[in-house]
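For reference, the structure is listed below as structure tokens.
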Amino acid sequence: MIFVDASALVAIIGGEADADDLADRLEPFETRFCSAISVWESVAALRRSYAMTVAAAFEEVNVYVTDLRLTYVPIAQREMLIAVSAYETYGKGRHRAALNMGDCFAYACARANGAKLLFKGGDFALTDIPAA
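The sequence shown maps to residues 19 to 150 in the numbering used here.
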């Protein structure tokens, strides 16, 4: 199982230099997850970094969620408790990983579902979450 963080999804959608590598890392995984929060973050990042309208970014993200065969995971009390713990341990202002709210929930969704985390950047590499 794999959970796709917004950073990876934006890189794939945006055709960034590492997009092919990130997409290739999905291949071995039959079960692929995202969350409503990671999709929201992807829409916001595409709007900001690629000057898309919110509607265009949302449409693009939905196309990729379908094409990459991502399934939404529910976020409930268990995920919230893991996210709070992740914030306490790895949160911005508390640890070098400096996880923000979206990062803490990506961490939580991956952890709660026993999934590896697909991400871009070095923040999650400073945590104990298994990387894809």
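All C-beta atoms in this analysis are idealised placements derived from N, C-alpha and C, irrespective of residue type, glycine included. Note that the structure is predicted; figures quoted are calculated from it, not measured.
Helix, strand or coil at residue i [DSSP, three-state]
i, result
"Leu135", "strand"
"Ala150", "coil"
"Asp15", "The structure shown has nothing for residue 15, since the chain only spans 19 to 150."
"Ala180", "Because the chain here runs from 19 to 150, residue 180 falls outside it and cannot be looked at."
Contact with chain B by residue i, beta-carbon distance below 8 Å
i, result
"Arg50", "Structure shown: chain B not included; a single protein chain is present."
Extent of the continuous alpha helix (DSSP H) to which residue i belongs
i, result
"Ile172", "Because the chain is modelled from 19 through 150, residue 172 falls outside the range shown and cannot be assessed."
"Ala128", "119-130"
Paired residues, beta bridge with residue i - DSSP
i, result
"Gly109", "Leu117"
Going along the chain, which unbroken runs of the alpha helix (DSSP H) with 4 or more residues stay wholly within the region 45-101? 54-67, 72-85
Could you check whether the region 97-105 touches the region 118-134, counting it as contact only if at least three pairs of C-beta atoms, one from each stretch, sit closer than 8 Å? yes
Inter-stretch contact (C-beta, 8 Å, three-pair minimum) for the region 37-45 and the region 66-77: no
Taking three-plus beta-carbon pairs below 8 Å as touching, is the region 41-59 in contact with the region 21-29? yes
For the region 58-69 and the region 78-97, state whether three or more C-beta atom pairs, one from each stretch, are separated by less than 8 Å. yes
For the region 89-100 and the region 126-140, state whether three or more C-beta atom pairs, one from each stretch, are separated by less than 8 Å. yes
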